[in-house]
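A.B. asks: Have a look at the structure that comes next, please.
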Amino acid sequence: MNGKDPMTTLILQAFEGSLSETQLQDFQQQLQQDPNTLKQYIELSYDHAILAKSIMELIDHDNSPQQIDTDMEAVYREFIDQQNRLDAQEAEKIASKRKKKIEALASEQLDAFLSEHKNSQTKNRTNQSITYKKISFYRPIQLIAACLCVAFLAWFLFKPTQYTDVAKLIQTQGAIWDSTSDSMEHNARLVNKTYHLIEGTAKIAFDQGTLIILQGPSKFELTSANGASLQLGKLTATVPPRAIGFQVTTPNASIIDYGTQFGVSVLEDGSSECHVFEGKVGISSNTTPSEIEELKSGQARLISTNGQISYININTTAFVKTMPKALNTDLKHPSIHGSYHNAILASNPILYWTFDQNIDNDNIIYNIMSPDIYHASSDDTIVTEQQYVGKNSANNKTLILNSSYGINSAREEPIKQHRTFANTIMFRLYIDDTSDYTARGVLQHAFCRINSNYPSQLITQINILDDGHLNYSIQYYKNNTRNQDSDTPKSRNLTNMSSLNRLEPKKWYHIAATYSIITQDCHLYINGISHNHKQIIPLNENYLGSKNNLFTENICIGISDCIEPSPKSFQGRIDDFTIYNRELTKQEISDIYKTTQ
Amino acid sequence: MSQINKNHEQLAKLLKSHQNKIYAYIVSIVHNLSDADDLFQETVMILCRKFETFEQGSNFGAWSLTIAKNVVLNFRQKKRNAHVLINNSVFELVSQQSAIEIKTVEKRQQALTSCLKKLTPDDIHLLKLRFDTGEKIKSIAENMDKPVKSLYKKFSQLHESLRECINRTIADWEKA
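Chains as they are written, first to last, in this note's numbering: chain G, 92 to 688; chain E, 378 to 553.
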């Protein structure tokens, strides 16, 4: 297999479109000269196609008829768009007819229809956004169904404005949207409508591949999967070869991409600027749309309100051309709290320790055994550092751990009093040094039930293993028997899973461990990505009694065992420690993580 | 039922039974998954439009692959300046060979189902990341904080072991 690996890697790179010119030459040469390589390539391409299809099938399995209908409409729109491109004049006539028809139908019945349509659209949008790109295998069936429904096509042509997914919001930075914008969360699907970014920046990926970065304040409309209209503000567009032809219109100009990166700004007075950073674009003024001027890299033009095009110097600094990576393991700290804090609060935790009190000394280690740490909060949700760390806290806004004792909340009531079960534990983690990883316990979380008939505990542990991987395990213990010698089984490993990769020192990681008492599913997430998941060995009531009596008893942070603290305790920092009495979904965890970016 | 409706019903059936092969063929000649999705869609639209001209009783598989090839040729013409395209002679070589091998797709699919069961949960997880989320290997590596090169190696080994398992399974079936 070793001999084949380089060629397989080359083939995988080809599938991803990431071959360099030299690699392409090598790839071609091998295909031409070696029949076995050709066979290998074709077989791997079939396997890729099948894998892509199988995943799509799984996703489409949950498609509701409504979603398919909505997607069928999208196919129609695409078809019509295609026709429009072929015959712009004809399209104009259709649009004009359509407009007149809609105007003529301005009656109570139309209002009722609009209202119904809007509700249905809102309901469908979220699910549709997830599946839209994945269902091309079902397009044939939809197309056939579409062909059968000529009447539907006629209805589609004359019905009021229909929203279609055209792009995806992939990253934001300090973005504030106006209240009329839809839910502008990360990965939200965007439709062909107008959006208003009041401040901050937002990165949007169009379905045809173009990436744009918007700078607030901006008002823009997504006109299609390969076009936008900027009414105010700035955007930078990066257009890959497959999206050549991407078009940006402004109140007084049109910019057509020929494969490039360019910036467009629209000022309050309605004038526009176009700056070309790479490649070429064509620009035309609305007053003389047929006169297209070609701009090359390094050139810029001002299009005044009266449509006059004039030379200006290129401004490379006024446009944001790159944003930080969406998934960065090195979380910014401690300035992330605004959006992260809000995301946590919005997700209804039962406990959230922020460790945020500002004090002057940076180097003081918490007096972890201080009773001040364990004071109950009057607020069930937020427990501040002052309440939990007391007077000996530091200015670092994190919980510094370098003691073999860690923090033990066992004697305190704030957790017990919830009388609830912690199904999700989430926190941020920073390892000081990995010179000696040996089984450093990050935390132990004991789920306990108090019932004299079934005295028992579930113990969750999160440890850093010898090799630097993060391990999440759950064990069952018959209560009060951990230190007793007896032949009867007193404990049982229910699940044990590790992260896919080792954790590096000097980096912040976002960790979440979930356990569903209903489905028995356990997940370990790192930086919003699921690293492992397993179903635990089911526990019946002989072990634990009624699930209703199971609740979190105590949490120990910085050590792996509350009862017998090991000298191999965790050395590093923990922040934003949160527990929930429900299993957070993958999407929720991912969304919360992304607010740290 | 009208003749038009009968035609469409027939096309739906034919597409359902041939779509895997059409898609696999496009992937093999365009060697880029995201382009393949768009080209597959375009092919299906053309098949839909031109079905009236399809001679009943003739080979739908060959006809659909010819249309798919023309769609890809058209795409190549538009993108002729992009350096990621294989040259014409290699394209012809691959498309000819792929058209011959395409009959194996269904067997590969069946074999793949059983071979996937032999993978570890971690490997399955990686495949899901790649094909479920549609993320590229580079992006998965970044998210997992792993070197891109090592993840390419991991995926290479994974795909190669799957390929070997599929070929072995098909060979066993043929012997039996």
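Quick reminder that beta carbons are idealized off the backbone N, C-alpha and C, glycines included.
(1) In this structure, does DSSP put E:Arg-540 in helix, strand or coil?
(2) In terms of DSSP beta bridges, what is G:Tyr-402 paired with?
(3) Quick check on E:His-408: does DSSP put it in helix, strand or coil?
(4) List the endpoints of the continuous alpha helix (DSSP H) containing G:Gly-370.
(5) Please report the straight-line C-alpha distance between G:Arg-392 and G:Ile-303, rounded to a whole angstrom.
(6) What residues in its chain sit with their C-beta under 6 Å from that of G:Cys-365, if we drop five residues either side in the sequence?
(7) Between E:His-395 and E:Ser-441, is the Cβ-Cβ spacing less than 8 Å?
(8) Near E:Leu-450, which residues of its chain fall below 6 Å by C-beta distance, leaving aside the five closest residues on each side in sequence?
(9) Check whether the segment 470 to 478 of chain E and the segment 516 to 524 of chain E are in contact - that is, three or more C-beta pairs closer than 8 Å.
(10) Does any residue of chain G bring its CB to less than 8 Å from the CB of E:Gln-433?
(11) DSSP three-state label for G:Met-698, please.
(12) What residues in its chain sit with their C-beta under 7 Å from that of G:Gln-678, if we drop five residues either side in the sequence?
(13) Which residues of the segment 121 to 146 of chain G have a Cβ closer than 9 Å to any Cβ of chain E? Give them in chain order.
(14) Please confirm whether G:Leu-556 and G:Ser-589 have their CB atoms less than 8 Å apart.
(15) With DSSP as the reference, identify every bridge partner of G:Glu-290, one or two as the case may be.
(16) Which residues in chain G sit within 8 Å of E:Ile-463, going by Cβ to Cβ distance?
(17) Hey, does G:Thr-100 have any beta-carbon neighbour from chain E nearer than 8 Å?
(18) Taking 8 Å as the threshold, find out whether the segment 415 to 422 of chain E comes into contact with the segment 667 to 684 of chain G through three or more Cβ pairs.
(19) Checking 8 Å against the spacing of the C-beta atoms, do G:Tyr-137 and E:Arg-507 come in under that value?
(20) For E:Pro-524, count the other beta carbons within 10 Å of its own beta carbon; 16 or more makes it buried, fewer makes it exposed. Which is it?
(21) Between the beta-carbon of G:Leu-79 and the beta-carbon of G:Ile-267, is there less than 8 Å?
(22) In terms of residues, what are the limits of the alpha helix (DSSP H) holding G:Phe-118?
(23) So which of G:Lys-130, G:Pro-308, G:Lys-325 and G:Met-275 has the shortest CA-CA distance to G:Leu-288?
(24) Look at the Cβ atom of G:Asn-343, then the Cβ atom of G:Ile-405, and state whether they are nearer than 8 Å.
(25) If you reduce the DSSP assignment to three classes, tell me which class G:Phe-297 lands in.
(26) Which residue wins for smallest C-alpha separation from G:Thr-396, given the options G:Pro-97, G:Thr-301, G:Thr-379 and G:Gly-291?
(27) How far does the beta strand (DSSP E) with G:Phe-311 in it reach, from first residue to last?
(28) Cα-Cα, which of E:Gly-434, E:Ala-548 and E:Ser-405 is closest to E:Ala-488?
(29) Using only alpha-carbon positions, find the residue among G:Leu-313, G:Glu-359 and G:Tyr-671 that is nearest to G:Gln-338.
(30) So what does DSSP say about G:Thr-676, is it helix, strand or coil?
(31) My understanding is that G:Leu-122 touches G:Leu-115, with C-beta atoms under 8 Å, so please give their C-beta distance in whole angstroms.
(32) So, G:Thr-341 versus G:Val-330, is the Cβ gap smaller than 8 Å?
(33) Using CA coordinates, which residue listed in G:Ile-609, G:Ile-553, G:Asp-256 and G:Trp-599 is at the minimum distance from G:Asn-587?
(34) Run through chain G and tell me which residues come within less than 8 Å of E:Ile-501, C-beta to C-beta.
(35) With H, G and I counted as helix, E and B as strand and the rest as coil, what does DSSP make of G:Ser-607?
(36) On the CB-based measure, 16 or more other CB atoms within 10 Å of its CB, does G:Gly-324 come out buried or exposed?
C.D. replies: Well, looking at it:
(1) In this structure, E:Arg-540 counts as helix in the three-state DSSP scheme.
(2) G:Arg-392
(3) coil
(4) Where G:Gly-370 is concerned, there is no enclosing alpha helix (DSSP H), given that its DSSP letter is neither H nor E.
(5) 20 Å
(6) Ile-346, Val-355, Ile-374 and Arg-392
(7) E:His-395 places its beta carbon less than 8 Å from that of E:Ser-441.
(8) none
(9) Taking 8 Å as the limit for Cβ pairs, the verdict is that the segment 516 to 524 of chain E does not touch the segment 470 to 478 of chain E.
(10) no
(11) Chain G is shown from 92 up to 688; residue 698 of chain G falls before or after that span and cannot be answered.
(12) none
(13) Leu-122, Gln-123, Pro-126, Leu-129, Lys-130, Gln-131, Tyr-132, Ile-133, Glu-134, Leu-135, Ser-136, Tyr-137, Asp-138, His-139, Ala-140, Ile-141, Leu-142, Ala-143, Lys-144, Ser-145 and Ile-146
(14) yes
(15) G:Ile-267
(16) Leu-115, Phe-118, Gln-119 and Leu-122, listed in chain order.
(17) yes
(18) no
(19) Against a cut-off of 8 Å, the Cβ pair of E:Arg-507 and G:Tyr-137 comes out as no contact.
(20) Exposed.
(21) Outside the modelled stretch of chain G, which goes from 92 to 688, sits residue 79 of chain G, for which no answer is possible.
(22) 112 to 124
(23) G:Pro-308
(24) no
(25) strand
(26) G:Thr-379
(27) 302 to 315
(28) E:Ala-548
(29) Nearest C-alpha to G:Gln-338 among G:Leu-313, G:Glu-359 and G:Tyr-671: G:Leu-313.
(30) coil
(31) About 11 Å; that fails the 8 Å criterion.
(32) The Cβ atoms of G:Thr-341 and G:Val-330 do not sit closer than 8 Å to each other.
(33) G:Ile-553
(34) Chain G residues near E:Ile-501: none, gap ~11 Å exceeds 8 Å.
(35) coil
(36) buried
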